[in-house]
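Below you'll find the structure, written out as structure tokens, and then a few comments.
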Amino acid sequence: KALNIYKSNIHNILSTFAEKGFVKKDHKTDKYKLGIKFFELGSVVIKNMDLRKIAHPYIEKLSKEFNETVHLGVLDEGRVVSIEREESDKSLCSHIEIGKRTPLHCTAVGKAIMVYLSKDEVYLILKEKGLEKFTENTITTKKDLENESFNISPLYRRRKESYMGHECKRNIFWIE
């Protein structure tokens, strides 16, 4: 009543939340309580905050040593979520907002993550997310992605770096 929303709308919202695991209905009391999804979300946030704290001094050191912007991202639901960044002093640098989701196939962080996934995991993500084209240089076929991955995987694993040139944004090269 305080929200001035119709009961039918509240019912639809709660039904959707229940379906997704965000709330659970207690059939004895006919009331809703928070579901497991909120716990999962909180766990992800806490886990990522620890990772940010641990990684920050290293990210800062890398950025200063190479005078480049350094990004830290994690894989979540087939996308890279940017969780930390240290900017360089250069006037032209990449800028991915903290919390932003980006595709694996056209970002340096995404490619670095893909190298450590199994082929089956990569194919499952590609099947679900596709290979969206962002620029004329974006890899848009599984074959091209495989060719690049097979050619660079040993390099990535040995040097723990990845490179992206003009695939997600024009006129920006990244080495991460």
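Mapping of the sequence shown onto my numbering: residues 176 to 351, in sequence order. Beta carbons: idealized from backbone N, C-alpha and C, even for Gly. Quantities reported herein were computed from a predicted structural model and do not represent experimental measurements.
Member of the options whose CA lies at the smallest distance from the CA of residue i
{"i": "V249", "options": "E235, A193, G285 and I229", "result": "G285"}
{"i": "D251", "options": "E261, K222, K228 and S238", "result": "K222"}
{"i": "S293", "options": "C281, P278 and E321", "result": "E321"}
{"i": "K195", "options": "H246, F213 and K203", "result": "F213"}
{"i": "I211", "options": "K200, D205 and T204", "result": "K200"}
{"i": "K265", "options": "I258, V245, P278 and I273", "result": "V245"}
{"i": "C281", "options": "E259, I273, K182 and K304", "result": "K304"}
Supposed close pair residue i, residue j - CB separation, criterion 8 angstroms
{"i": "Y167", "j": "V198", "result": "Within the shown structure, residues of the chain are numbered from 176 to 351, placing residue 167 beyond reach of any answer."}
{"i": "V256", "j": "R276", "result": "5 angstroms"}
{"i": "K308", "j": "T316", "result": "Their Cβ separation, rounded to whole angstroms, is 10 angstroms, which puts K308 and T316 out of contact at 8 angstroms."}
{"i": "E296", "j": "E261", "result": "Actually they are not in contact, since the Cβ atoms of E296 and E261 sit about 28 angstroms apart, beyond 8 angstroms."}
{"i": "L355", "j": "I273", "result": "With the chain covering 176 to 351 only, the question about residue 355 has no answer from this structure."}
Residue i, buried or exposed, once every other Cβ within 10 Å from all chains shown has been counted against 16
{"i": "K335", "result": "Any reading at K335 needs caution, since the residue's pLDDT is 42, under 50, leaving its predicted position unreliable; the model's value is listed next. The residue is exposed, with fewer than 16 neighbouring Cβ atoms inside 10 Å."}
{"i": "L247", "result": "buried"}
{"i": "S190", "result": "exposed"}
{"i": "M224", "result": "exposed"}
{"i": "L299", "result": "exposed"}
{"i": "H231", "result": "exposed"}
{"i": "A283", "result": "buried"}
{"i": "E311", "result": "exposed"}
{"i": "I258", "result": "buried"}
Simplified DSSP state of residue i, which is helix, strand or coil
{"i": "K294", "result": "helix"}
{"i": "K200", "result": "strand"}
Whole beta strand (DSSP E) elements within the region 227-272, 3-residue minimum: 245-251 and 254-261
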